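This report concerns only the one structure given below.
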Amino acid sequence: MAYVSSPFVILSGRWKTSFVSPCCTKKFVARWAKPHGMPSRFLITCATLLSEKQRTNLDFPHPLVDKADFPILQQEIDGKPLIYFDSAATSQKPKAVLEALQNFYLHDNANVHRGAHTLSSRATEAYEGARQSLQRFIGAASREQVIFTRNATEAINLVAYSWGLQNLKPGDELVLAISNHHSNIVPWQLVAARTGAVLKYIDLDDQQQDNLDTLKLLLDSGKVRLVSCCHVSNVLGYINDVHKVIQWAHSAGALVLIDACQSVPHIPVNVTEMDCDFLVASGHKMCGPTGIGFLYGKQHLLESMPPFLGGGEMIADVYENYSTFASLPHKLEAGTPAIAEAVGLGAAVEYLQSIGMDVIHSYESMLSEYLYGQLSTIPNITIYGPKDVKKRAALCSFQIQGIHPSDLASILDLEGVAIRSGHHCAQLLHRHIQGSDGMVVMGSARASLYMYNTKEEIDAFMVALGRSIDMLWKGGAL
Ligand SMILES: Cc1ncc(COP(=O)(O)O)c(C=O)c1O
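Numbering (UniProt numbering), first residue to last: 1 to 478.
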């Protein structure tokens with residue numbers, strides 16, 4: 001699989017559109033790139049050089065990735081080609097990741113860090129190599145700042161129990177967002193109950209994004225120790241202004257944890273530029289295997305935190321009544337880690353980088369705009385989150401009046417379309433919208449896309465959706 005060389009990808013991120021004549025770029029694409037058989041990825045990168053207005057006039061690009069990279073997507077469900085629109089729940093895995101897992105077990109499998117034999121050194125090299133790939137991918141300054149966990153949930157629990165139990169005292173405030181995933185609410189509730197810390201919530205603004213005015217007011221108390229919110233909402237689809245959140249929180253003396261589960265797979269993320277104190281994500285949403293995720297933390301914070309779990313791998317010396325601990329990152333990784341899964345995540349990161357996160361983001365922005373525009377044409381639909389498509393990632397949660405989201409998802413499955421229905425682990429959010437929006441049932445249907453989806457799939461989804469709505473209306477759903 002040949003990818004476009006990285007300089008072009010870098011250009012797309014760095015050039016300001018005003019410096020480049022869109023006309024020149026179009027001519028360049030038409031006269032040079034197309035005749036020279038440049039892959040669609042390159043053309044998409046060129047598209048990012050055009051102004052917004054020009055970009056909407058541009059023909060929709062060809063698929064970004066070769067579907068052959070994702071064997072699972074080449075199947076039929078009930079005789080219909082599978083359209084997988086559930087990537088916010090978990091992404092599909094490219095062959096490169098499957099092969100990395102298989103190769104690890106076929107050739108290199110052994111436990112890490114403590115063996116003198118060849119297989120153990122190979123396994124250790126592969127595991128630590130994956131950490132380094134991830135470190136570069138998220139722009140962390142050192143490998144010690146990347147802690148492997150089972151998933152994002154475990155990473156948040158690690159911070160809550162390790163940092164939280166050590167630092168929180170009665171009356172301290174933790175600011176969460178009403179839009180947070182349960183994994184970024186429940187651990188804080190448990191730790192607040194043990195420390196006497198108080199939970200405060202950011203509500204939604206009139207665009208159904210995190211209300212940063214509320215954040216500002218909450219920070220005024222001077223008691224906030226930590227703000228924890230998402231980068232991209234898994235229900236409302238907005239891209240949060242995390243730079244503002246972090247800047248404001250730091251000015252008020254609070255730390256910030258960013259839940260990047262729905263951003264790291266889709267948009268360029270650089271933790272050093274972002275200046276977040278902690279950031280978490282799950283491997284399985286970014287083309288990697290299940291059972292692996294990570295925590296990024298600022299070095300001085302991770303160093304000051306006590307171990308989350310005790311056991312092998314995380315110790316320096318063990319005595320009868322106490323132990324001393326290994327240095328980072330091992331202090332926070334007790335027991336045999338998910339070695340093959342980490343190697344798989346390393347391969348996923350390399351796969352994403354070979355396409356380019358700028359390119360993925362540009363392509364998905366076009367998918368996002370198209371999906372939102374198409375869904376908006378359906379009568380009696382409510383699409384949650386901001387109406388401004390520039391603020392949205394490629395996912396739409398929606399309700400259609402008179403139709404239960406779960407019925408819709410089941411009927412769409414008969415059409416080969418996989419979408420999710422329910423509360424998407426965001427009951428607080430759904431309850432909140434239900435109050436303000438007259439939501440009929442507490443839940444929504446969600447179509448979430450990734451770089452392997454296409455405009456043609458959105459078209460097929462819309463046809464299937466139309467048929468499903470007809471069928472449910474005739475059946476007198478709800
Ligand atoms: C925004 C967000 N945060 C956290 C999670 C939890 O991820 P995991 O279950 O992999 O720990 C999810 C999963 O859907 C999510 O979308």
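For every residue, glycine included, the Cβ atom is placed at its ideal position computed from N, Cα and C. Since the model is a prediction, treat every value here as computed from it, not as a measurement.
- Remark: fewer than three beta-carbon pairs, one from each stretch, lie closer than 8 angstroms, so the stretch 89-100 and the stretch 222-232 are not flagged as touching.
- Judged by pairs of C-beta atoms under 8 angstroms, the stretch 365-385 does not touch the stretch 341-357, as fewer than three such pairs exist.
- Around the CB of V463, fewer than 16 other CB atoms lie within 10 Å, so the residue is classed as exposed.
- The beta carbon of Q434 lies closer than 7 angstroms to those of M442 in the same chain, with the five residues before and after it left out.
- Put simply, the backbone Cα of C287 is about 12 angstroms away from that of A281.
- A residue is called buried once 16 or more other Cβ atoms fall within 10 Å of its Cβ, and Q262 is buried on that count.
- The beta carbons of Q401 and I458 sit no closer together than 8 angstroms.
- Under the DSSP assignment, Y105 falls outside any alpha helix (DSSP H); it carries neither an H nor an E label.
- Closest by C-alpha distance to V235, out of L279, A393 and L257, is A393.
- With distances taken between CA atoms, S327 lies nearest to E313 out of R114, E313 and E320.
- In this model, K387 and I185 are separated by some 26 angstroms (Cα to Cα).
- Contact check for S421 against A460 fails: the beta carbons are separated by 8 angstroms or more.
- Secondary structure of F278 (DSSP, three-state): strand.
- About 5 angstroms separates the Cβ atoms of L472 and I403, confirming a contact at the 8 angstroms cut-off.
- Ligand 1 approaches A89 closely enough that one of its heavy atoms is under 7 angstroms from the residue's Cβ.
- N157 has its CB no nearer than 7 angstroms to any heavy atom of ligand 1.
- The three-state reading of DSSP puts Y384 in coil, since its state is none of H, G, I, E or B.
- Relative to the non-hydrogen atoms of ligand 1, the Cβ of Q145 never comes closer than 7 angstroms to any of them.
- For E173, the pairing in a beta bridge is given by DSSP as V198 and V224.
- Of all C-beta pairs linking the stretch 286-303 to the stretch 316-333, three or more are shorter than 8 angstroms, placing the two stretches in contact.
- For G129, the uninterrupted alpha helix (DSSP H) segment begins and ends at T118 to I138.
- Listed in chain order, the beta strand (DSSP E) runs fully inside the stretch 335-389 are 381-383, counting runs of at least 3 residues.
- Per DSSP, reduced to three states, the secondary structure at A249 is helical.
- Here G79 is exposed, its C-beta having fewer than 16 other C-beta atoms within 10 Å.
- Fully enclosed alpha helix (DSSP H) runs of no fewer than 4 residues occupy 299-304 of the stretch 285-342, in order along the chain.
- Distance from the CA of A426 to the CA of D213, rounded to the nearest whole angstrom, comes to 22 angstroms.
- Closest in alpha carbon position to H266, among P71, Y452, Q166 and F278, is Y452.
- For P187, the secondary structure class from DSSP, reduced to helix, strand or coil, is helix.
- In the DSSP assignment, F148 is bridged to F294.
- In the assembly as shown, T195 is a buried residue. Its beta-carbon has 16 or more other beta-carbons within 10 Å.
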